Each structure stands twice: as structure tokens, then as C-alpha cells.
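Trainee: I'd like to ask some things about the structure below.
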Amino acid sequence: MTVMVRIKMLILAGCMLAVAGVTAQKAQNASSVQEVNEAAKPAAKVTAIVGATLIDGRGGAPIADSVVVVAGEKIIAASSRATVFVPSHADVIKAEGLTLLPGLIDSHFHLDGDDGLPPLYLSHGVTSVRDPGAWIEAYDAVRKSGRLIPRLFLAGPHLDNAPPAYPHDAFIARDAEETRLAVNRFIDQGASVIKVYFRLPLGLIHVVTETAHARGVPVTSHLEIVDAADAIRAGVDGVEHITSFGTALLPLREAEKYRQSVLADNNARREGRYKVWSEIDLNSPRVGPLLELIARRGTFISPTLAVFEKQKGDAGATEMHVRAFAQMLKFVGMAKRAGARIVTGSHSSVPHAERGWAYQRELELLVESGLTPMEAIVAGTMENARFFRISDRLGSIEAGKLADFVLVEGDPSKDISTMRRIKRVMLNGNWVVPEAQTKR
Ligand SMILES: [Zn+2]
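See below:
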């Protein structure tokens, strides 16, 4: 073998290795989770949305005077008008003065028997929702209703121990074997996430993350009385509710007192968490290492601030409640600045929003906590897509992705409250809100 041939073979082998590496990387990034419902197939036509300011969900500067072209359910082009060719047969939607964004993704949606809520959410721009703890069967009626609804990402009941806080939404797993069987059964039934609840012991959280991750499914958590740092080290991908960090931030002796009160009575958390948050010292030495861990592990945080909102003058709100909520906001801002991956979860029903608008309220509170409006938009689009593991097909407006859009009046990158001024909504290439009847 000549030296030349040998070098060529080495180069060839190197290329093959590189290709294998790329393939492995792709497999890891590939979407392994699916919604349980099938979005309506669009008519085989081409639509061009012309003249809108484009916020593509990835956090870059908005593109003024954009053109986005959709064929069937897919985006085929998205850029400034000067660089995109509009096919002559396209249905042209004039969108000057409007902003086009990816369909909103909600990481914390509860149905609670309100079958009208998914269509209402869709009309407000939310095109994907994830329920972090409900039997998959709880969605049968709305799925059979024939109404257009967001993409549904479900968990099955959350895994808890006795006595559960929400018996109707819980599955009791008492040991490792029951835990493994439960995780696998719910994934077999279509779960795209597994949720652990606060009575599940840490050892079983470990079993959940191992079992779910082996199936390519993420794990999220409501911790409350489980130390968040312990749970993150046990492998949870996400933490629901900012209150889940309380026990990891209090001095250990105080944390244990709160834990024992909730173990004795689940309902002790309702007032107890406000007392905890009013007392947390955000300058304590417990804060830094926890934030560092969250950032290093890439843990997603779904703060659901809107459900805890207490403002001065609210019925029953004391100074303690108001201070506690202000501290929750502050901690979200600190987490964001430390590099945490914040996502938007609405919790569906919250004190300071009318029915159907909890998601928009959460966006506003994320901005109040210190996120820029653009960061709040990313939290509700691309970051949630990464949390769900669907970012290869949803979460941003890019060629090749699915056409889930919301078109709003005004510029939400300057004023996040314009996310309430919905003009049109597209789901899987179909206009579901042709013109806004929802403006408020
Ligand atoms: Zn919830």
C-alpha cells in the first residue's frame, strides 16, 4: 500500500466516523415524544403571510417586513421580504402592523373537566399544551368532541405516595417495581412526560428518571417537600412551580419543620408555602449553589407564577402573602440571570386572569420577574419546545418546521401585554382563527 493510498483510507475512515457522529447527534436531538391527538391536515395550498414583523421564537432581533410561506402544514420560507419569493398561486395574507410568532406552548395546562378550555386556549394562540398530571382518559371527551384543540401532550397521572394531595390525578407507586411498571405503562399509553409529586421518595424519583429516560421521555416534578437540589441530582429534567424550591432555600431546620407539617397534612402547604417564601433569605448561602446546579444541569423551570399571584388589595391577602409573592418573582429573575431555562406554564385557572387568559398573565409576570419581553416569548415557544423534546418540528418559525402561528396586533417585544391582542391563529397550516373575535 502506498503512503498516498493509506492517507486516503485514513481520510475516508475519518469522514465515516464524522458521519456516524453526526447521525448519533441527530438521533439524540430527534423528537421522541408525540402529542396524543392528530392535528387536522391542511388543504394542499400555499399561504404567504406578508409584511408582519417576525419574531421567530429563537430570541434574535425581530425581522421587520417579513414574508413567511407555508405549504400544507410546513413552513417553506421565513425571512425578510427582500429575500423570500412569494409563489404566484399563494394565498396572500397582508399583515402590516402585526407581529407573527410561533404558536404558544404551555407546559402546565390543567383541563379539570372544562372541555371548552382547549378550544378557547387555541383561539388565544396556544397551539400546544402539556398537562403535567391527569389520566390520559380525562381528555377522551374533548378529543372526541370534533372541536379544534391544541396539540395535547399528556403525562398520565402523576406519581405520588399516600395520602395523595390530588387522588383523582395521582397514581400511587410504593416501591421500585411498581414505579417502573407505572412509568412504562403510561408511556405505552402515550405519555410524553412523567411527573413526580411531592410525596414520592427520592429513591423512587431516581427509578422514575432512569425508566423514563431509557424510553426517551423527560421527567418533571412538583417538589414542595423534596429538596430541589436532590431531585435535580436524581435526574429530573424540569421543576413545576417556583414554590418547589422553597425547602432547598430555607435553613435546613426550618425546611424540615415545613416538610413535617405537609407530611402531616397536605393542605398545610397552601398557607405554609407563603410563610416559607416570606421568610426565605435570597442572599443566603443556599441560593448560589442551587442556582449553579440548575444552570449546569440545564434544568427547566416552569414557575407558574400566575397561580401564586397575591397583590396588595386582593381579598384575604396579608403583607406576608404580598411579600412572599414578591420573593417568588425575584427568585425567578435571579434564576434567569444565573442561566436557568425558564419556560411558560399557565396553570389554566389563576386569580388575576379571566378564563382562557392565564397564559398571557404568566408571560406578563415573567417580564415583571426580570425577563425581557423577548425572553418571555422564547420561554413560551422555543424553550418549551426543548423542554417537551419537540424542538425539531415546533417552537420556532423556520423553514422545515410545522406551521403553528399566532398573529398579534402591536409589538410584543416592546409590550408583552400585546400578546392578548390576537388577530389570527394557525395550527398545522390551518387558520383556526381567521380574524380575531377575541380582542380585549
Ligand atoms: Zn398544576
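So the sequence shown is numbered by numbering that gives the first Met the number 0: it starts at 0 and just counts up by one. Glycine is no exception: its CB is placed at the ideal position from the N, C-alpha and C atoms. Keep in mind it's a predicted model, so treat the numbers as computed, not measured.
How would you label G428, buried or exposed, when you count the other beta carbons within 10 angstroms and need 16 or more for buried?
Mentor: So G428 ends up on the buried side.
Trainee: Which first and last residues belong to the beta strand (DSSP E) in which V432 is found?
Mentor: Start and end: N429 to V432.
Trainee: Below 7 Å CB to CB, which residues in the same chain sit around F197 once its five sequence neighbours on both sides are set aside?
Mentor: Counting only Cβ-Cβ distances below 7 Å, and skipping sequence neighbours, we find H221, L222, E223, I224 and V225.
Trainee: Could I get the ranges of all uninterrupted beta strand (DSSP E) runs contained in the stretch 187 to 251, with 3 residues as the minimum, in chain order?
Mentor: You should have 193 to 195, 218 to 220 and 237 to 239.
Trainee: Please determine if the stretch 168 to 183 and the stretch 141 to 152 are in contact, where contact requires at least 3 C-beta pairs separated by less than 8 Å.
Mentor: Cβ pair count under 8 Å is below three, so no.
Trainee: Return yes when the Cβ of L103 is within less than 9 Å of the Cβ of T380, no when it is not.
Mentor: Contact: yes.
Trainee: Just curious, the beta strand (DSSP E) that H320 is in, first and last residue?
Mentor: First-last for H320: E318 to R336, but that is the alpha helix (DSSP H), not the beta strand (DSSP E).
Trainee: From E397 to I279, what distance separates their C-alpha atoms?
Mentor: The straight-line gap from Cα to Cα measures roughly 42 Å.
Trainee: Can you determine whether any heavy atom of ligand 1 sits closer than 8 Å to the C-beta of T303, and answer yes or no?
Mentor: For ligand 1, at least one heavy atom lies less than 8 Å from the Cβ of T303.
Trainee: Please report the straight-line C-alpha distance between L426 and R150, rounded to a whole angstrom.
Mentor: One C-alpha to the other measures close to 9 Å.
Trainee: Between R214 and V192, what straight-line distance do the alpha-carbon atoms span, to the nearest angstrom?
Mentor: Each residue's alpha carbon lies about 10 Å from the other.
Trainee: In chain order, what residues of the same chain lie with their CB nearer than 6 Å to the CB of R57, ignoring the 5 residues before and after it?
Mentor: Around R57: M381 and S395.
Trainee: Short check: CB of R360 to CB of A305, under 9 Å?
Mentor: Result yes, Cβ atoms of R360 and A305 sit closer than 9 Å.
Trainee: State the Cα-Cα distance for the pair G355 and S345, rounded to the nearest angstrom.
Mentor: Roughly 10 Å separates the two Cα atoms.
Trainee: Could you check the C-alpha separation between A247 and A228 for me, to the nearest Å?
Mentor: Taking the straight line joining both Cα atoms gives about 7 Å.
Trainee: Nearest-angstrom Cα distance between V431 and A402?
Mentor: Going from the Cα of V431 to the Cα of A402 covers about 12 Å.
Trainee: Using the Cα positions of N36 and T317, report the straight-line distance between them to the nearest angstrom.
Mentor: Rounded to the nearest angstrom, the two C-alpha atoms are 44 Å apart.
Trainee: Hey, which unbroken runs of the alpha helix (DSSP H) at 4 residues or more fall wholly within the stretch 93 to 128?
Mentor: If we require 4 residues or more, the alpha helix (DSSP H) runs fully inside the stretch 93 to 128 come out as 116 to 122.
Trainee: Using three-state DSSP, classify E408 as helix, strand or coil.
Mentor: Residue state, collapsed to three classes: strand.
Trainee: Can F299 and I341 be called in contact, C-beta distance under 9 Å?
Mentor: Yes, the pair counts as a contact, with Cβ atoms nearer than the cut-off.
Trainee: Is it buried or exposed, N383, if we count other Cβ atoms within 10 angstroms and call 16 or more buried?
Mentor: That one is buried.
Trainee: Just tell me which of G155, R252 and E209 has its CA closest to the CA of D187.
Mentor: For the residues G155, R252 and E209, the minimum Cα distance to D187 belongs to G155.
Trainee: By how many angstroms is the C-alpha of T210 removed from the C-alpha of V218?
Mentor: Those two C-alpha atoms are separated by around 10 Å.
Trainee: Roughly how many angstroms separate the alpha carbons of G442 and L99, rounded to a whole number?
Mentor: Look at the range of the chain in this structure, 0 to 439, and you will see that residue 442 is not part of it.
Trainee: Smallest Cα separation from R336: which of N282, G312 and L290?
Mentor: Closest by alpha carbon: L290.
Trainee: According to DSSP, simplified to helix, strand and coil, what is K44?
Mentor: Residue state, collapsed to three classes: coil.
Trainee: Tell me which residue opens and which closes the alpha helix (DSSP H) that D139 is part of.
Mentor: Looking at the DSSP string, the run of the alpha helix (DSSP H) that includes D139 is D139 to K143.
Trainee: Mind checking A43: buried by the 16 CB within 10 Å criterion, or exposed?
Mentor: It counts as exposed.
Trainee: Go ahead and pull the three-state DSSP assignment for A23.
Mentor: No answer about A23 holds up, because its pLDDT of 39 lies below 50 and its placement is not dependable.
Trainee: In the stretch 248 to 323, which residue ranges form an unbroken alpha helix (DSSP H) of at least 4 residues, counting only runs that do not cross its ends?
Mentor: Whole alpha helix (DSSP H) segments, 4+ residues: 251 to 263, 267 to 278, 286 to 296 and 304 to 307.
Trainee: Any chance the stretch 310 to 329 sits against the stretch 60 to 69, with 3 or more Cβ pairs inside 8 Å?
Mentor: The answer is no - the stretch 60 to 69 does not touch the stretch 310 to 329, with fewer than three Cβ pairs under 8 Å.
Trainee: If you measure from the CB of V440, is any heavy atom of ligand 1 nearer than 8 Å?
Mentor: Past the boundaries of the shown model lies residue 440; the chain is included only from 0 to 439, so the question cannot be answered.
Trainee: Go to S368, then tell me how far its alpha helix (DSSP H) extends in each direction, as first and last residue.
Mentor: Counting along the chain, the alpha helix (DSSP H) containing S368 begins and ends at A357 to S368.
Trainee: Taking the alpha helix (DSSP H) that P381 belongs to, which residues open and close that run?
Mentor: It is Met, not Pro, that sits at residue 381 in the sequence shown. Segment M381 to F387, the alpha helix (DSSP H) holding M381.
Trainee: Can you tell which of L119, G271 and F84 has its C-alpha closest to the C-alpha of E255?
Mentor: Of L119, G271 and F84, the residue nearest in Cα terms is G271.
Trainee: Ends of the beta strand (DSSP E) at H351?
Mentor: No beta strand (DSSP E) holds H351; DSSP gives it neither H nor E.
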